[in-house]
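**Q** Structure incoming, see below.
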Amino acid sequence: MRQTLKVQISEKNREYNIEISDCSFEKLKQQIDEATKNQKRLFVISKKVYELYYCYFNFSEDEILILKDGEREKNFKNYLKIMKRASEVGLTRGDVMIALGGGVVGDITGFAASTYMRGIDFIQIPTTLLAAVDSSVGGKTAIDLDEAKNIMGTFYQPKAVFININFLKSLDKRQFLSGMGEVLKYAFIEENCGYKHSLFLFEFLTLGCEKIMQKEPLTLVRMIEYCLNLKISVVNQDEKEGNLRKILNFGHTLAHALETITKYKKYTHGEAVVYGMYFMLKWAYEKQYISYSYYRLSTELLGKYGFKPLSRKYPVDKLIEIMKKDKKATADKITFIVPCDKKKVKEIKLLPQEVEYMFG
Ligand code: GLY
0 MRQTLKVQIS
10 EKNREYNIEI
20 SDCSFEKLKQ
30 QIDEATKNQK
40 RLFVISKKVY
50 ELYYCYFNFS
60 EDEILILKDG
70 EREKNFKNYL
80 KIMKRASEVG
90 LTRGDVMIAL
100 GGGVVGDITG
110 FAASTYMRGI
120 DFIQIPTTLL
130 AAVDSSVGGK
140 TAIDLDEAKN
150 IMGTFYQPKA
160 VFININFLKS
170 LDKRQFLSGM
180 GEVLKYAFIE
190 ENCGYKHSLF
200 LFEFLTLGCE
210 KIMQKEPLTL
220 VRMIEYCLNL
230 KISVVNQDEK
240 EGNLRKILNF
250 GHTLAHALET
260 ITKYKKYTHG
270 EAVVYGMYFM
280 LKWAYEKQYI
290 SYSYYRLSTE
300 LLGKYGFKPL
310 SRKYPVDKLI
320 EIMKKDKKAT
330 ADKITFIVPC
340 DKKKVKEIKL
350 LPQEVEYMFG
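So this is what it looks like as structure tokens:
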């Protein structure tokens with residue numbers, strides 16, 4: 000099964016394809032060769048992916064760079080490593096960098112591609128669910144500093160994205176569920192996205208939980224397709240997060256603070272996003288933005304996938320300090336995306352003292 004989705008960045012009159020398929024790795028290799036014909040390539044590959052899948056691709060040694068896994072690897076040192084390697088192997092303006100791995104490899108390679116010789120072609124081949132449904136699409140690239148996640152980066156659209164769900168087979172349950180955190184996010188924002196059809200993602204995820212958790216191939220292709228149709232619709236309208244794109248950050252204000260306060264060691268990104276979504280759903284219900292029945296259906300949906308609200312407490316003043324440094328924060332206010340109706344969210348900006356109050 001193969002689905003092709005088109006991203007059209009209206010401002011720039013640019014478009015590229017996203018392929019979602021369950022085809023063999025042999026076929027995928029042919030597609031990559033076809034897409035990079037006559038180009039010199041640099042594959043940036045996550046170590047785990049290299050160990051598991053190298054035998055299927057047989058890239059030549061001089062076109063690969065392997066990076067260790069984990070958010071802490073999305074740093075300046077590794078960014079320089081990619082740039083130096085690109086220069087050593089003689090990549091020119093007409094050549095291409097290819098990210099083969101999860102969100103970390105995708106984000107850092109995208110950042111390198113966008114700055115190497117002021118920008119060269121870039122292809123994303125996400126190998127985790129999280130990267131497939133979120134970070135590989137939409138053109139956000141980044142590296143982290145100790146103080147803040149994704150603080151250095153660019154908006155830089157890839158030339159193509161190849162999503163092959165066979166990579167998802169080797170994800171362990173925790174990694175898979177981390178991706179589900181981002182998938183579930185789309186269920187709560189569908190009505191904002193302006194997609195031409197109703198996808199009923201909330202219902203699809205509620206009824207399809209078993210098949211999804213069993214990684215049933217057609218269900219996964221459809222699920223990824225639904226999420227990306229929503230994301231593409233948002234990105235096509237607002238590439239640079241001037242306004243609408245902010246809804247994709249539902250759950251992320253608290254998530255980034257939790258990841259930063261625990262130095263990216265305790266929670267996966269998806270787990271942190273789910274804690275952020277539970278927190279905002281509860282607050283939205285308390286503020287009467289949403290009804291009790293929607294609050295209950297929403298928390299039941301998260302619970303179906305085995306998630307629970309965060310029970311551990313962190314010092315609120317420290318969380319707020321981190322939230323103030325978030326890219327979405329303004330000089331004196333912290334931005335949250337809050338549910339305001341069924342499958343709908345809105346942006347609110349709160350003073351730090353109001354945020355303190357939110358934590359009760
Ligand atoms: N991950 C949120 C975005 O792409 O805007």
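Residue 258 in numbering that gives the first Met the number 0 is what sits at position 259 of the sequence shown, and the numbering runs on without skipping anything.
Virtual Cβ for every residue (Gly too), placed ideally from N, Cα, C.
All values derive from a computational prediction rather than experimental measurement.
Among residues of its own chain, excluding the 5 on either side of I333, which ones have a beta-carbon nearer than 6 Å to its beta-carbon?
**A** Taking the first residue of the sequence shown as position 1, residue 333 is located at position 334. So the list reads M322, L349 and V354, once near-sequence residues are dropped.
**Q** Within the same chain, show all residues whose beta-carbon is closer than 8 Å to that of L300, passing over the 5 residues directly before and after it, in chain order.
**A** Taking the first residue of the sequence shown as 1, we reach residue 300 at position 301. Counting only Cβ-Cβ distances below 8 Å, and skipping sequence neighbours, we find L183, A186, F201, L204 and T205.
**Q** According to DSSP, is N163 part of a helix, a strand, or is it coil?
**A** For the purposes of this step, residue 163 is taken as the residue at position 164 of the sequence shown. Three-state DSSP puts N163 in a strand.
**Q** Is the beta carbon of D68 closer than 8 Å to that of V43?
**A** Locating residue 43 in the sequence shown gives position 44, counting from the first residue. Locating residue 68 in the sequence shown gives position 69, counting from the first residue. For V43 and D68, no; Cβs fall outside 8 Å.
**Q** In the stretch 135 to 160, which residue ranges form an unbroken beta strand (DSSP E) of at least 3 residues, counting only runs that do not cross its ends?
**A** With a minimum length of 3 residues, the continuous beta strand (DSSP E) runs that stay inside the stretch 135 to 160 are 139 to 142 and 151 to 154.
**Q** Identify the continuous alpha helix (DSSP H) that holds V48 and give its terminal residues.
**A** Position 49 of the sequence shown, counted from the start, is the residue given in the question as residue 48. From DSSP, the alpha helix (DSSP H) with V48 extends over K46 to F56.
**Q** Would you identify the three-state DSSP class for S20, choosing helix, strand or coil?
**A** Counted from its first residue, the sequence shown places residue 20 at position 21. DSSP places S20 in strand when its eight states are reduced to three.
**Q** Whose C-beta lies closer than 8 Å to the C-beta of A159 among residues of the same chain, with five residues either side of it excluded?
**A** In the sequence shown, counting from the first residue as 1, residue 159 sits at position 160. Taken in chain order, the residues that qualify are Y15, N16, I17, E18, A34, I122 and Q123.
**Q** Hey, how far is the Cα of I231 from the Cα of K76?
**A** Position 232 of the sequence shown, counted from the start, is the residue given in the question as residue 231. Position 77 of the sequence shown, counted from the start, is the residue given in the question as residue 76. Answer to the nearest angstrom: the Cα atoms are 32 Å apart.
**Q** From M276 to N228, what does the alpha carbon distance come to, in whole angstroms?
**A** Here residue 276 is taken as the residue at index 277 of the sequence shown, counted from 1. Here residue 228 is taken as the residue at index 229 of the sequence shown, counted from 1. So the alpha carbons of these two residues sit roughly 21 Å apart.
**Q** CB of D133 to nearest heavy atom of the ligand GLY: below 7 Å?
**A** Within the sequence shown, residue 133 is the residue found at index 134, counting from 1. The answer is yes for D133.
**Q** Say yes only if the C-beta of N149 is nearer than 7 Å to one or more non-hydrogen atoms of the ligand GLY, and no if none qualify.
**A** Stepping through the sequence shown from its first residue, residue 149 is reached at position 150. Not under cutoff, so the answer is no.
**Q** Let me make sure I understand the geometry here. Which of I8, T252, E189 and T126 has the alpha-carbon closest to that of T329?
**A** Position 330 of the sequence shown, counting from 1, holds the residue named residue 329. Among I8, T252, E189 and T126, the Cα nearest to that of T329 is on T252.
**Q** Could you pull out every residue in the same chain whose Cβ sits closer than 8 Å to the Cβ of Q2, ignoring the five residues on either side in sequence?
**A** Here residue 2 corresponds to residue number 3 of the sequence shown, with the count starting at 1. Only E18, I19, S20, V220 and E224 meet the Cβ criterion.
**Q** What does a CB cutoff of less than 6 Å around D133 pick up in its chain, not counting 5 residues either side in sequence?
**A** Locating residue 133 in the sequence shown gives position 134, where the first residue counts as 1. Closer than 6 Å at Cβ, skipping near neighbours: E181.
**Q** Just how far apart, CA to CA, sit K327 and T108?
**A** Residue 327 sits at position 328 when you count from the first residue of the sequence shown. Residue 108 sits at position 109 when you count from the first residue of the sequence shown. One C-alpha to the other measures close to 23 Å.
**Q** Tell me where the alpha helix (DSSP H) around D106 begins and ends.
**A** Start at 1 with the first residue of the sequence shown, and residue 106 comes out as number 107. Unbroken alpha helix (DSSP H) run through D106: G102 to T114.
**Q** Hey, is G207's beta-carbon within less than 8 Å of any beta-carbon in chain C?
**A** Looking for chain C here will not work: only one protein chain is present.
**Q** Taking 8 Å as the threshold (C-beta atoms), are D143 and K46 in contact?
**A** For the purposes of this step, residue 46 is taken as residue 47 along the sequence shown, with counting starting at 1. For the purposes of this step, residue 143 is taken as residue 144 along the sequence shown, with counting starting at 1. No, these two residues do not count as a Cβ contact at 8 Å.
**Q** Would you identify the three-state DSSP class for F199, choosing helix, strand or coil?
**A** For the purposes of this step, residue 199 is taken as the residue at position 200 of the sequence shown. Three-state DSSP puts F199 in coil, outside helix and strand.
**Q** Please classify L217 as buried or exposed, where buried requires at least 16 neighbouring CB atoms within 10 angstroms.
**A** The residue you call residue 217 lines up with position 218 of the sequence shown. Counting Cβ neighbours within 10 Å, L217 comes out exposed, since fewer than 16 surround it.
**Q** Identify, in the order they occur along the chain, each residue of the same chain with its Cβ nearer than 7 Å to the Cβ of I347, setting aside the five sequence neighbours on each side.
**A** As a working note, residue 347 is residue 348 in the sequence shown. These residues qualify, in order along the chain: F335 and V337.
**Q** Confirm, please, whether the CB-CB distance from Y274 to A256 is below 8 Å.
**A** Locating residue 256 in the sequence shown gives position 257, where the first residue counts as 1. Locating residue 274 in the sequence shown gives position 275, where the first residue counts as 1. No, Cβ-Cβ distance for A256 and Y274 is not below 8 Å.
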